[in-house]
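Undergrad: Protein chains in written order, with my numbering: chain A, 1 to 107; chain B, 108 to 214. Before I ask anything, let me first share the structure, which is written out below as structure tokens.
2 protein chains.
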Amino acid sequence: MFIAMNRFRIALGKEQEFARIWKDRETNLPQVPGFLAFHLLRGPSDEQCTLFASHTVWASREHFEDWTRSEAFRRAHGGAGQSAGLYLGPPQFEGFEVIQEITGTTP
Amino acid sequence: MFIAMNRFRIALGKEQEFARIWKDRETNLPQVPGFLAFHLLRGPSDEQCTLFASHTVWASREHFEDWTRSEAFRRAHGGAGQSAGLYLGPPQFEGFEVIQEITGTTP
Chain A
1 MFIAMNRFRI ALGKEQEFAR IWKDRETNLP QVPGFLAFHL LRGPSDEQCT
51 LFASHTVWAS REHFEDWTRS EAFRRAHGGA GQSAGLYLGP PQFEGFEVIQ
101 EITGTTP
Chain B
108 MFIAMNRFRI ALGKEQEFAR IWKDRETNLP QVPGFLAFHL LRGPSDEQCT
158 LFASHTVWAS REHFEDWTRS EAFRRAHGGA GQSAGLYLGP PQFEGFEVIQ
208 EITGTTP
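Here it is as structure tokens:
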């Protein structure tokens with residue numbers, strides 16, 4: 001399993017606008033081979049910005065990399081950068097391999 | 108849903124030792140109310156260190172906070188800091204609220 005995260009530093013007061021952009025986007029992710037789940041995460045705020053992260057779980061790093069080479073990926077990222085004043089700097093990508101897993105027994 | 112992450116900067120060459128500490132630990136997490144899943148993640152390396160992250164999914168922030176106030180939490184963290192030379196600095200905690208979810212349709 002592989003988790004692809006992009007960290008976004010969003011200007012204070014722009015959090016709702018940022019969340020709306022994600023909510024309104026069209027995505028074919030559920031049909032992409034190896035895609036397991038996507039979550040948009042809201043993290044802590046400091047004096048400058050609020051941290052958000054896109055968090056996508058893939059069956060493997062290879063599935064993720066295949067997707068990044070696809071036409072669907074290029075389309076999905078074609079509109080990036082058009083919302084001036086929202087972002088404090090470019091997103092920061094981090095890819096993680098799952099090396100240990102423990103699952104819950106509670107409902 | 109709430110994701111609690113701790114980021115660890117691990118000295119180069121110490122990755123296996125760090126992973127073993129996590130693998131060998133005893134945990135009662137599966138019995139904790141609201142616990143959904145734990146993953147240990149291996150991230151990118153740079154010239155100094157390899158990034159790891161503990162990644163725990165909870166039903167809510169409240170469940171996570173209840174756990175941090177429990178005796179089980181204190182016991183689980185009693186041994187922290189005893190592995191000199193492994194860590195480049197203290198872990199960095201980040202808590203994330205899930206604000207959007209898309210799940211896959213592929214097996």
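Glycine included, C-beta positions come from ideal geometry on N, C-alpha and C.
(1) By alpha-carbon positions, which one of A:Q31, A:H39, A:F8, A:A11 ends up nearest to K23 of chain A?
(2) What whole-angstrom Cβ distance do F115 of chain B and F159 of chain B have, given they're in contact under 8 Å?
(3) Any idea what DSSP makes of I25 of chain A, helix, strand or coil?
(4) Return the chain-ordered list of same chain residues with a C-beta closer than 6 Å to the C-beta of A37 of chain A, the five sequence neighbours on each side being excluded.
(5) Leaving aside the five residues before and after I10 of chain A along the sequence, list all residues of the same chain whose C-beta is less than 8 Å from its C-beta, in chain order.
(6) On the criterion of 16 or more Cβ atoms from any shown chain inside 10 Å, does F93 of chain A qualify as buried, or is it exposed?
(7) Please list, in chain order, the residues of the region 108-131 of chain B that have any C-beta partner in chain A closer than 8 Å.
(8) If you drop the 5 nearest sequence neighbours on each side, which residues of the same chain put their C-beta closer than 7 Å to that of Q100 of chain A?
(9) Consider the Cβ of F73 of chain A: report whether some Cβ of chain B lies at a distance smaller than 8 Å.
(10) How about T105 of chain A and Q123 of chain B: do their beta carbons lie closer than 8 Å?
(11) Excluding five sequence neighbours on each side, which residues of the same chain lie with their C-beta closer than 7 Å to the C-beta of L136 of chain B?
(12) Helix or strand or just coil, what does DSSP make of Q116 of chain A?
(13) Need the endpoints of the alpha helix (DSSP H) that T175 of chain B sits in, please.
(14) Could you list which residues in chain A have their beta carbon closer than 7 Å to that of L147 of chain B, in chain order?
(15) Can you name the residues of chain A whose CB is closer than 8 Å to the CB of P107 of chain B?
(16) The beta strand (DSSP E) spanning E97 of chain A covers which residue range?
(17) Is there a Cβ from chain A that is less than 8 Å from the Cβ of A144 of chain B?
(18) Determine the contact status of S167 of chain B and F109 of chain B, defining contact as a CB-CB distance below 8 Å.
(19) For a test of the three-state rule: what should DSSP assign to P151 of chain B, helix, strand or coil?
(20) Going by alpha carbons, who is nearest to A84 of chain A out of A:T27, A:R69, A:E65, A:I21?
(21) Would you identify the three-state DSSP class for A160 of chain B, choosing helix, strand or coil?
TA: Taking the coordinates as given:
(1) Start at 1 with the first residue of the first sequence, and residue 23 of chain A comes out as number 23. Closest option to K23 of chain A, Cα to Cα, is A:H39.
(2) Counted from its first residue, the second sequence places residue 115 of chain B at position 8. Counted from its first residue, the second sequence places residue 159 of chain B at position 52. Contact flag correct, Cβ pair sits at about 4 Å.
(3) Mapped onto the first sequence, residue 25 of chain A falls at position 25. For the record, residue 25 of chain A in the displayed sequence is Arg; it is not Ile. Note: R25 of chain A maps to coil in three-state DSSP.
(4) Counted from its first residue, the first sequence places residue 37 of chain A at position 37. Around A37 of chain A: V57.
(5) Translated into the one-based positions of the first sequence, residue 10 of chain A becomes position 10. Here the set comprises F18, C49, T50, L51, F52, L86, Y87, L88.
(6) Taking the first residue of the first sequence as position 1, residue 93 of chain A is located at position 93. So F93 of chain A ends up on the exposed side.
(7) M108, I110, A126, W129, K130
(8) By one-based count along the first sequence, residue 100 of chain A stands at place 100. For Q100 of chain A, where only same-chain residues beyond five positions count, there are no Cβ hits under 7 Å.
(9) Translated into positions along the first sequence, residue 73 of chain A becomes position 73. No, no contact with chain B.
(10) Position 105 of the first sequence, counted from the first residue, corresponds to residue 105 of chain A. Position 16 of the second sequence, counted from the first residue, corresponds to residue 123 of chain B. Taking 8 Å as the Cβ cut-off, T105 of chain A and Q123 of chain B do not qualify as a contacting pair.
(11) The residue labelled residue 136 of chain B in the question sits at position 29 within the second sequence. For L136 of chain B, where only same-chain residues beyond five positions count, the Cβ hits under 7 Å are F142, F145.
(12) This structure cannot settle anything about residue 116 of chain A, because the visible part of chain A is limited to 1 through 107.
(13) Counting from 1 along the second sequence, the entry for residue 175 of chain B is found at position 68. First-last of the alpha helix (DSSP H) with T175 of chain B: 168-175.
(14) Within the second sequence, numbered from 1, the residue matching residue 147 of chain B stands at position 40. Chain A residues near L147 of chain B: I99, Q100.
(15) Nothing about residue 107 of chain B can be reported from this structure: the residues present for chain B run from 108 to 214 only.
(16) In the first sequence, residue 97 of chain A corresponds to position 97, counting from 1. Its beta strand (DSSP E) spans residues 92-103.
(17) For the purposes of this step, residue 144 of chain B is identified with residue 37 of the second sequence, where counting begins at 1. Judged by the 8 Å Cβ criterion, A144 of chain B is in contact with chain A.
(18) As a working note, residue 167 of chain B is residue 60 in the second sequence. As a working note, residue 109 of chain B is residue 2 in the second sequence. It is a contact, given that the beta carbons lie within the stated cut-off.
(19) Stepping through the second sequence from its first residue, residue 151 of chain B is reached at position 44. Residue state, collapsed to three classes: strand.
(20) As a working mapping, residue 84 of chain A is identified with position 84 in the first sequence. When each option's Cα is compared against that of A84 of chain A, the closest is A:I21.
(21) Here the question's residue 160 of chain B lines up with position 53 in the second sequence. A160 of chain B: strand per DSSP, three-state reduction.
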